[in-house]
Amino acid sequence: MFTMRSSLASLIYLCFVGITSAANSFAGSNLYYAAGLSPYQRTTLLSSMQSAGMKVLRVWLDGQSTASTKLELSLSGGDIYGQWWGTGYFYEKSEAIAAFDNRLRYILNHTHKTLGNPWKQLNQYIFAFEAQNKAMVGKGEDYINTHMNWQCDHANTIKSTLGSNSGILVMTGGESWMTESVKSAWLGCAALDVVAIHAYGVGDFSTSNILTYVNQAKSAGKKLIFQEWGACYFNTENNNCPAGTPLPTSTRNNNIKTWASQITAAGVPWLYWQVLPNPDPHVSRLKRFDTVISILIPMCRAR
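Just so you know, the sequence shown maps onto residues -22 to -1, 1 to 281 in mature numbering (1 follows the signal peptide of the UniProt record, and there is no 0).
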């Protein structure tokens, strides 16, 4: 058993056996409350995903895993920083930036109590680190464009603390849609290995649209991951989920299959938001695993 506990409001990727390098394409899911599942639910979810060929589970870091895994950790802990500096000054004030850098160094140098090594040396278990999930989200794309150096500065802190040849990648944590998520400054940042995409609008799922960004990433020598995407239960315009008339099951299933195929055709690994081990409450972009996995099995196993 590999056990990790933390009070951080963080994320991890549980990367099932089969990912041998960052160049491999893969498919998986998000499930932010996976750490709170019962042992039976956790085993059912992980074994079902493994059987389906889904190689990655992205969860909030506050629990344990009994699977053979690798982890990708988002090192943000926004609550205390929000109290001190607010959501704006956190990205702007030099004191806040320095304090967050100290946090990153502390976490990376923290010795894991069970394994006896600092986290920065756990490349057998850790796939990648990111500074924050959806940094600056909600503040508008103009704000992100003005403060793009925030991602690269903290990536440099992570990379320098990891040291050379760590075997652990450094990545961004996505934004709200494609153009917000993929910025030329991040593609040009030497400390960033992977740029993460978060997108839910159906236009962003177009293969031709994705390939535009794939080509940019290739030219910059970077990798992309479609870290968050999903299909709505309702018929809300442009896949915006909060309410509406339920779509026919066949339509929902076809949406998942079509959009997953389009992302796959662009050669980008992806994580669905989100596969559930419990009954579907029909909010956001959630799907019970026994329905969505049956749809995605052919595409996951083909990757």
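From the three backbone atoms N, C-alpha and C, an ideal C-beta is built for every residue, glycine too.
Given this structure, state the Cα-to-Cα distance separating residue i from residue j, to the nearest angstrom.
| i | j | result |
| --- | --- | --- |
| A169 | K98 | 15 angstroms |
| G64 | L100 | 33 angstroms |
| F68 | I122 | 13 angstroms |
| G31 | A5 | 8 angstroms |
| A74 | W62 | 8 angstroms |
| N134 | R81 | 14 angstroms |
| T92 | I85 | 15 angstroms |
| E108 | S197 | 22 angstroms |
| I146 | N217 | 34 angstroms |
| C278 | S72 | 44 angstroms |
| G66 | D131 | 17 angstroms |
| P17 | K33 | 20 angstroms |
| A76 | L225 | 48 angstroms |
| A195 | S186 | 14 angstroms |
| N95 | T89 | 5 angstroms |
| M27 | R20 | 11 angstroms |
| C167 | N127 | 9 angstroms |
Considering only the beta carbon of each residue, do residue i and residue j sit closer than 7 angstroms?
| i | j | result |
| --- | --- | --- |
| T227 | N213 | no |
| V173 | K137 | no |
| Q240 | F183 | yes |
| E70 | E119 | no |
| I188 | A244 | yes |
| L35 | S7 | yes |
| T139 | R83 | yes |
| I273 | N233 | no |
What is the DSSP secondary structure of residue i, reduced to helix, strand or coil?
| i | result |
| --- | --- |
| K112 | coil |
| Y250 | strand |
| L35 | strand |
| V180 | helix |
| E215 | helix |
| G41 | Summary for G41: the model assigns pLDDT 41, below 50, so the residue's position carries little reliability; its value from the coordinates is reported in the next sentence. Three-state result, G41: strand. |
| L23 | helix |
| P224 | strand |
| A244 | coil |
| F78 | helix |
| K201 | strand |
| N8 | strand |
| W155 | coil |
| T89 | strand |
| E73 | helix |
| A169 | coil |
| residue 288 | Past the boundaries of the shown model lies residue 288; the chain is included only from -22 to 281, so the question cannot be answered. |
| residue 329 | Beyond the ends of the chain as shown, which are -22 and 281, falls residue 329; an answer cannot be given. |
My understanding is that residue i touches residue j, with C-beta atoms under 8 angstroms, so please give their C-beta distance in whole angstroms.
| i | j | result |
| --- | --- | --- |
| V160 | Y191 | 5 angstroms |
| Y59 | F78 | 7 angstroms |
| V148 | A106 | 6 angstroms |
| F129 | W164 | Note that residue 129 corresponds to Gln in the displayed sequence, not to Phe. Yes, they are in contact, since the Cβ atoms of Q129 and W164 sit about 6 angstroms apart, within 8 angstroms. |
| residue 353 | P255 | Because residue 353 is not part of the residues shown, which for the chain are -22 to 281, the question remains open. |
Taking 6 angstroms as the cut-off, is the CB of residue i close to at least one heavy atom of the ligand GDP?
| i | result |
| --- | --- |
| P224 | As for the ligand GDP, it is missing from this structure, which has no ligand bound. |
Inset, instruction - Say whether the segment 207 to 224 touches the segment 237 to 252, bearing in mind that this needs 3 or more beta-carbon pairs closer than 8 angstroms, one atom from each stretch. - result: yes
Legend entry - Contact the segment 177 to 187 vs the segment 145 to 162: 3+ CB pairs below 8 angstroms: yes
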